[in-house]
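Down below is the structure, laid out as structure tokens.
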Amino acid sequence: MAIEERRQSRTIAERVRVAIPLVIVWTIGCVVMAVVASQPATRTSEMLMDPTFTVGAKWYTGLISNLGILTWTVGAAAAFAGSWLCLLGARTNAGRFLRLGGIVGTVLLMDDLFMFHAILMPSELGIPKFLGQTIIGACVLGWAWMSRREIARTHFHLLVASGAGLAISYVVDSRFAPLPGDGWNIVEDGAKFLGVLAWATYFIVTTRDISRSVFVDALLTWPDEAYEAVYEDLEAEAAAAADASAASADSTAGSVGGSVGETSEIRSAADLLADVPAPQTAPVALGDEFDADRHAHH
Numbered sequence: 023m024a025i026e027e028r029r030q031s032r033t034i035a036e037r038v039r040v041a042i043p044l045v046i047v048w049t050i051g052c053v054v055m056a057v058v059a060s061q062p063a064t065r066t067s068e069m070l071m072d073p074t075f076t077v078g079a080k081w082y083t084g085l086i087s088n089l090g091i092l093t094w095t096v097g098a099a100a101a102f103a104g105s106w107l108c109l110l111g112a113r114t115n116a117g118r119f120l121r122l123g124g125i126v127g128t129v130l131l132m133d134d135l136f137m138f139h140a141i142l143m144p145s146e147l148g149i150p151k152f153l154g155q156t157i158i159g160a161c162v163l164g165w166a167w168m169s170r171r172e173i174a175r176t177h178f179h180l181l182v183a184s185g186a187g188l189a190i191s192y193v194v195d196s197r198f199a200p201l202p203g204d205g206w207n208i209v210e211d212g213a214k215f216l217g218v219l220a221w222a223t224y225f226i227v228t229t230r231d232i233s234r235s236v237f238v239d240a241l242l243t244w245p246d247e248a249y250e251a252v253y254e255d256l257e258a259e260a261a262a263a264a265d266a267s268a269a270s271a272d273s274t275a276g277s278v279g280g281s282v283g284e285t286s287e288i289r290s291a292a293d294l295l296a297d298v299p300a301p302q303t304a305p306v307a308l309g310d311e312f313d314a315d316r317h318a319h320h
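Note that the numbering used here has the sequence shown beginning at 23, numbered continuously upward.
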């Protein structure tokens, strides 16, 4: 069976327009590299080289930490993707909830990656570690409170599991301050890693649910819109035929042949409307946490 080629050639203007994001990120990248190059030679090397190579550590040094960074990234990406889908589906509240969740996840990612509250803020800015932890915790709790209605409609037990893991890690770190090799060290980092996994899982599952709802909503809505468009065209055609018949009747009053033709023309237009089946309303059985947005929108 022959396959129809659906791809289309792009104009030069379209190709240039698509390249604009690349130009922007490359510009940012060049600025970053220029700043790195302006540093002393030793610092430049330290900023460019992998940490394990710089200190001569084993390849698996920081393995769990790196996996945690990747997991934070996946969670933030899932949240922003879900927010974009909400924008397409006119789910304003759900979109705001996911967008803010993606921002909070990015803050947590940056804090874990660059060790803001643990090293950078105390050593470079003179901000106590406890204050840094408080600021980050306030961001998370503020988002949870602002989005509490949306969270209640999701699989929030995943978010509770994430909070439990991160809370245990915080308590162990604050109470025992474990050193490398200490038994509490694996409890602290292990609980944190499990909390990060639960955080990413929550946003992946939530984005999956709302994506399914948006797509099903589109499938239920678009056929009705197509039917209405066709029906309106047929109504317009029937009205035009009726007007033409009335005008013809006025000009050819008394003509039997003309009357028969006019009657046939009106009947043919009415037959067009009669041939159009009545719209069928598909049953809605989504069982989705975000269906209330769809009904409110309609």
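Virtual Cβ for every residue (Gly too), placed ideally from N, Cα, C. Everything numeric in this text was worked out from a predicted model, so none of it was measured.
Look at Lys80 here: in three-state DSSP terms it is coil, with no helix or strand label.
When secondary structure is reduced to three states using DSSP, Ile42 falls in the helix class. Secondary structure of His139 (DSSP, three-state): helix.
Less than 9 Å divides the Cβ of Ser191 from the Cβ of Lys214.
When only Cα atoms are considered, Glu172 and Thr95 end up about 22 Å apart. Residue state for Leu130 is assigned as helix, using DSSP reduced to three classes. Taking 4 residues as the shortest admissible run, the region 134–184 contains the following complete alpha helix (DSSP H) segments, listed from N- to C-terminal end: 151–168, 170–174. Within the model, the alpha-carbon separation for Leu122 versus Trp165 is close to 7 Å.
In this structure, DSSP gives Asp204 a state outside helix and strand, which the three-state scheme calls coil.
Sequence-distant partners of Val194 (beyond 5 residues in either direction) whose C-beta falls short of 8 Å from its own C-beta, in its chain, are Pro200, Trp206, Val209, Glu210, Ala213. Your pair Gly154 and Met143 checks out as a contact, with CB atoms roughly 5 Å apart and the cut at 8 Å. Taking C-alpha positions only, Ala220 is separated from Leu107 by approximately 22 Å.
In the three-state reduction of the DSSP assignment, Met55 falls in the helix class, which pools H, G and I.
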